């Protein structure tokens, strides 16, 4: 598809005042050419197709900055348990049995769910990442992929070698739709020496690092006992924070930790539903944002959430902060920024997350012609406090339509659901 | 429709172990005749219609135990403000301008949204309640209706007279679909003398009382200053808790308050999203449940939520408790009980909230043939942690289908959306 004109309400996410109640977006190949009032696209643009969505809000595709996509395989397999028994008796034994193919199918299921709920980019940390890359290339979404590295595990070295190989093979694949990062799991599962080697490799190959940091109080205690420091201090001292780093969670931070993250330009992936469900705590989101830290939103894996719905995540982000810090905290538009432009920036994607000329045509439309969207007083408030996954009608990535009229176009979803059901149940029954 | 057989996965909400992966429900007129395995309905039942939903979970319709339905008129009109400025500068001035007709249309919009998201019964507190009753009768849902009474307002006496008239005219209307309660707003907006008169009238007419109690710390301070007691102690001393009482919120309770609510069999309507969004606090839900208090779930009005989606409310109820009290708190099945059978009991509805023979045929089906419901490890976890409003396919109340294949059958929703948009915008523009 070369030239497309979309007419809709347009929320470009370029600033709180920017909104076109009757707008249009001109797209040529993978890029946005023009955004403005309906009818104001230069006459020189002759669209091959016009998509009229007068009752839809078109906005940038949502950016999920922290997930483990293939964990859809474990969705609702174990819930309502304390963190360590949950991991040790349920999640890890199940994960040990996942094959490359299981991870491929689990990821495709996740991508189907993500597209249906308006997510166009994910930062994914898991194993068998070449199979994840294959799924992302097929689905047509954007993916920043990190091989999860448990330095202290027997396969730590092998995983690091896989991560290096992943950079060589997939960084920039799919016309740039795939980017690779290194994925050292956490300061309590990787030694200082291992983390420094990861950092060297990342610098050498020119890619970033994705790591879990300060998720639980237990972690703070462990690292303090081991190194006499907070996880953030420890990682900073190791030199891990020199380049592009996305730190997931960052729930338990001292004032000094927050300053370090700001000074080092570490980006934070905030996962409110996982943090609430696992009783991890409330991340200092406004406190980080006020220091200039880029904070994106993530769903975490479907085993601790239990869906990949960024609309639910936006709502929960706002509610969790308001509950603990006051009703005026984190207003709707700021939450939308986290889920779009700030998320894109935090992943190092410079031409994604806003609807402006020259940017990639990664966008979604939300069907506002439904009872829960009336009256239409505030589009940002409706998107954060009202909308749900099922409201997404259209999804485009790189100028390609991945969903139209709520129908997935790149994934044979019936088959994927069937495969995942069969494979997940077989693993569960093997115990 | 006299005799209907529904074949589906059936979650009757009669106990955590009760589930039919291939089940069926036989319905005659407004009642359930039989629930069991597929094919086990007695041969004497000859259905006039068979509804096959093999990929849907059928469960009792959801019970919204606290809302102000017509406040859909104010949806996303004002957000992210502190409570009192929000009420004083935005909500109350707007509400002052609502006509009977505005309230009728706003309620119809709410009912459309409720049906679409699987709610079959609401407890509604507002004004112009005969117009609300008319909307409920047209929509076909079940409604427990209370005239909101601000005893201290100039129209306090008039409102009380309207509530009495409402009992006379509508209690038991629509073949019992409508029940009436008295709706004294709160201990800080009604004098002790007014509350006692309301109680006398409720007793005289044999109906219950719905009231806001202990929603915010401000309220606790006000009542303590005025009466030297907590709101719960004060209401108990006034004798308000003798009969059927549904107390909304109950966020800030002393140990003694909790004991009083249990001893007096006061039912509690818990509104997690409103409590989070307005920074009211975290209600002691497991603490009340462990004392035997019936706790239902409510959405509160759409101006502080901003939708009427009970699936979101279930999820938020679990997440809020887990965040503050641990990951094992309030497991999925308990949340489902709150949203169905406990909610029904708390409203005094004895034959609603479970799928068992002899009960009213109030049920919904959720379309599980979607990516976010695979793999199917746990139906309760899927319903609480995964499902969203858009997943509801079928809604039945009193044996009548109010929605089939996601299409509303009793409400002309296009017209309702148009009316609400026009009316709400006209009020907003009048300031």
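Chains as they are written, first to last, in the numbering used here: chain E, 1 to 431; chain X, 1001 to 1431. Using N, Cα and C, we set each Cβ at its ideal position, and we do this for glycine too. Note that this is a predicted model, so its numbers are computed, not measured.
Comparing C-alpha positions only, which one of the options sits nearest to residue i?
i: residue 1025 of chain X; options: X:1420, X:1038, X:1314 and X:1181; result: X:1038
i: residue 1059 of chain X; options: X:1407, X:1368, X:1429 and X:1411; result: X:1368
i: residue 309 of chain E; options: E:14, E:11, E:240 and E:67; result: E:67
i: residue 1048 of chain X; options: X:1418, X:1426 and X:1399; result: X:1399
i: residue 298 of chain E; options: E:271, E:373 and E:175; result: E:271
i: residue 1356 of chain X; options: X:1004, X:1158, X:1012 and X:1005; result: X:1012
i: residue 1366 of chain X; options: X:1419, X:1189 and X:1390; result: X:1390
i: residue 8 of chain E; options: E:268, E:407, E:35 and E:258; result: E:35
i: residue 1089 of chain X; options: X:1342, X:1077, X:1392 and X:1150; result: X:1077
i: residue 44 of chain E; options: E:74, E:64, E:56 and E:3; result: E:3
i: residue 1237 of chain X; options: X:1284, X:1192 and X:1098; result: X:1192
i: residue 416 of chain E; options: E:167, E:257, E:205 and E:103; result: E:103
i: residue 324 of chain E; options: X:1062, X:1429 and X:1273; result: X:1273
i: residue 1340 of chain X; options: X:1311, X:1020 and X:1326; result: X:1311
i: residue 1395 of chain X; options: X:1014, X:1141, X:1166 and X:1041; result: X:1141
i: residue 125 of chain E; options: E:377, E:301 and E:414; result: E:301
i: residue 1414 of chain X; options: E:378, E:370, E:376 and E:430; result: E:370
i: residue 1227 of chain X; options: X:1239, X:1187, X:1262 and X:1202; result: X:1187
i: residue 86 of chain E; options: X:1372, X:1409 and X:1326; result: X:1326
i: residue 1099 of chain X; options: X:1194, X:1251, X:1117 and X:1131; result: X:1131
i: residue 219 of chain E; options: E:430, E:429 and E:83; result: E:83
i: residue 74 of chain E; options: E:243, E:129, E:303 and E:46; result: E:303
i: residue 1263 of chain X; options: X:1253, X:1276, X:1242 and X:1015; result: X:1242
i: residue 205 of chain E; options: E:229, E:166 and E:221; result: E:166
i: residue 136 of chain E; options: E:170, E:156 and E:155; result: E:170
i: residue 18 of chain E; options: E:57, E:429 and E:404; result: E:57
Looking at the C-beta of residue i, does it have a partner C-beta in chain E at a distance below 7 Å?
i: residue 974 of chain X; result: No statement about residue 974 of chain X is possible, as the shown extent of chain X runs from 1001 to 1431 and does not include it.
i: residue 1388 of chain X; result: yes
i: residue 1381 of chain X; result: yes
i: residue 1267 of chain X; result: no
i: residue 1190 of chain X; result: no
Using 7 Å as the limit for Cβ to Cβ distance, is residue i near chain X?
i: residue 77 of chain E; result: yes
i: residue 278 of chain E; result: yes
i: residue 326 of chain E; result: yes
i: residue 274 of chain E; result: no
i: residue 424 of chain E; result: yes
i: residue 250 of chain E; result: no
i: residue 109 of chain E; result: yes
Whose Cβ in chain X lies nearer than 8 Å to the Cβ of residue i?
i: residue 295 of chain E; result: Within 8 Å Cβ-Cβ: nothing; residue 295 of chain E doesn't reach chain X, min ~18 Å.
Pull up the CB-CB distance for residue i and residue j, whole angstroms please, since I reckon it's below 8 Å.
i: residue 1245 of chain X; j: residue 1223 of chain X; result: Not confirmed; about 17 Å, so no contact.
i: residue 1364 of chain X; j: residue 1335 of chain X; result: 16 Å between Cβ atoms; not a contact.
i: residue 296 of chain E; j: residue 269 of chain E; result: 5 Å
i: residue 1240 of chain X; j: residue 1199 of chain X; result: 5 Å
i: residue 347 of chain E; j: residue 50 of chain E; result: Incorrect: roughly 32 Å between the Cβ atoms, too far for contact.
If the cut is a Cβ gap below 7 Å, which residues of chain E does residue i touch?
i: residue 946 of chain X; result: Coverage of chain X is limited to positions 1001 through 1431, which leaves residue 946 of chain X absent and any answer about it impossible.
i: residue 1113 of chain X; result: 371 and 372
i: residue 1054 of chain X; result: Correct list: empty, because the minimum Cβ distance to chain E is about 14 Å.
For residue i, return the contacting residues in chain E, with the cut-off set at a CB-CB distance below 8 Å.
i: residue 1305 of chain X; result: 385
i: residue 1083 of chain X; result: 327
i: residue 1073 of chain X; result: 375
i: residue 1378 of chain X; result: 76, 77 and 79
i: residue 1309 of chain X; result: 372 and 388
i: residue 1391 of chain X; result: 390
Going along chain X, which residues have a C-beta under 7 Å from residue i?
i: residue 413 of chain E; result: 1371
i: residue 116 of chain E; result: 1371
Find the residues of chain E that neighbour residue i, judging by a C-beta separation of less than 9 Å, and give them in chain order.
i: residue 1322 of chain X; result: 80, 276, 277, 278 and 279
i: residue 1420 of chain X; result: 371, 374 and 375
What does residue i touch in chain X if you count any residue whose Cβ is under 9 Å from its own?
i: residue 428 of chain E; result: 1375 and 1377
Under 7 Å, Cβ to Cβ, is there at least one residue of chain C near residue i?
i: residue 78 of chain E; result: Reference to chain C is not applicable here, since the protein chains of this structure are E and X.
With three or more beta-carbon pairs closer than 8 Å as the criterion, would you say the stretch 1102-1122 of chain X touches the stretch 1344-1354 of chain X?
By the Cβ criterion, the stretch 1102-1122 of chain X is in contact with the stretch 1344-1354 of chain X, since at least three pairs of Cβ atoms, one from each stretch, lie closer than 8 Å.
Three or more beta-carbon pairs under 8 Å between the stretch 1379-1388 of chain X and the stretch 1330-1341 of chain X, yes or no?
With a cut-off of 8 Å, the stretch 1330-1341 of chain X and the stretch 1379-1388 of chain X count as touching, because enough Cβ pairs lie within range.
Would you check if the stretch 223-236 of chain E and the stretch 277-285 of chain E touch, i.e. whether three or more CB-CB distances between them fall below 8 Å?
The stretch 277-285 of chain E is not in contact with the stretch 223-236 of chain E.
Between the stretch 1167-1187 of chain X and the stretch 1142-1157 of chain X, do at least 3 Cβ pairs fall closer than 8 Å?
Enough Cβ pairs lie closer than 8 Å, so yes.
Taking three-plus beta-carbon pairs below 8 Å as touching, is the stretch 1408-1420 of chain X in contact with the stretch 1105-1113 of chain X?
Contact holds: three or more Cβ-Cβ distances are below 8 Å.
May I ask you to verify whether the stretch 1165-1174 of chain X touches the stretch 1211-1220 of chain X, counting CB pairs closer than 8 Å and requiring at least 3?
Judged by Cβ distances under 8 Å, the stretch 1165-1174 of chain X makes no contact with the stretch 1211-1220 of chain X, as fewer than three pairs qualify.
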